Ligand SMILES: [Zn+2]
């Protein structure tokens, strides 16, 4: 009887402890959202800076006074420094999306370091502040990147809403995609660099005021994951 009681007590403690560990913390260094957030969400923009489209997006963000995180590609930082300076001057959070938009699969440590560090160097060269956030291109990561991130203190940031703006979705479809899924703790994927027509800025002009009306607060990824 005593043994049964002890076993039950032990099981109860385990169940309580598991309940206290947030889901994202069980997945080493990889985040696609923040569990348990009420109204905070993070807008993220990949692949830029773009010589024109980054500015258009920033104009909409500024219009509503909301913040966002830009996951920049090193070679674009180098080639389109004006767009990068806009991001830096306005104080948006900057994440790392590799130097060459390389898919980080089966990459050795020196290749990972080169992709990440050379992007950081380009950001710093323009006076920008780097963060510890890496978004691997196409969301592809493996044990090598996990290992690299663990050793060097980086977080791998994915997303849980893909707006499909990169497929040239219409502004209404992008807005519908977000509004039908949004909830507190979301990390929402957009792109400021898209080849050809982009409807991202126009979609944001629909989405942001609606979400503000619903009481959502826009924060950087780092703030969301705190
Ligand atoms: Zn990308």
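Numbering (the numbering used here), first residue to last: -13 to 212. C-beta atoms are modelled at their ideal positions from N, C-alpha and C, and glycine is treated no differently. In this text, all values refer to a predicted model and were calculated from it rather than measured experimentally.
Check: Is the CB-CB distance between residue 164 and residue 174 below 8 Å?; Outcome: yes
Check: Where DSSP assigns a beta bridge to residue 80, which residues make up the other side?; Outcome: 56
Check: What is the DSSP secondary structure of residue 31, reduced to helix, strand or coil?; Outcome: strand
Check: Alpha carbon to alpha carbon, how far is residue 47 from residue 194?; Outcome: 8 Å
Check: Would the C-beta of residue 123 count as close to ligand 1, meaning under 7 Å from any of its heavy atoms?; Outcome: yes
Check: When burial is assigned at 16 or more other CB atoms within 10 Å of the CB, is residue 136 buried or exposed?; Outcome: exposed
Check: Please classify residue 101 as buried or exposed, where buried requires at least 16 neighbouring CB atoms within 10 angstroms.; Outcome: buried
Check: With DSSP run on the structure shown, which of helix, strand or coil describes residue 203?; Outcome: strand
Check: Quick test of your reading: residue 143 and residue 121, contact by CB under 8 Å. State the CB separation rounded to the nearest angstrom.; Outcome: 5 Å
Check: In terms of residues, what are the limits of the alpha helix (DSSP H) holding residue 90?; Outcome: Unbroken run through residue 90: none, as it is neither H nor E.
Check: According to DSSP, is residue 180 helix, strand or coil?; Outcome: coil
Check: Pair every Cβ in the segment 101 to 114 with every Cβ in the segment 66 to 86, then say whether three or more of these pairs are closer than 8 Å.; Outcome: yes
Check: How many Å lie between residue 71 and residue 207 at the Cα?; Outcome: 20 Å
Check: Among 38, 59 and 26, which residue has its Cα nearest to the Cα of residue 53?; Outcome: 26
Check: Would you say the beta carbon of residue 87 comes nearer than 7 Å to a heavy atom of ligand 1?; Outcome: yes
Check: List the residues that DSSP assigns as beta-bridge partners of residue 172.; Outcome: 19
Check: What do you reckon, is the C-beta of residue 33 under 7 Å from a heavy atom of ligand 1?; Outcome: yes
Check: To the nearest angstrom, how far is the alpha carbon of residue 74 from that of residue 203?; Outcome: 21 Å
Check: Let me check understanding here. Comparing Cα to Cα, which of 50, 119 and 33 lies closest to residue 197?; Outcome: 50
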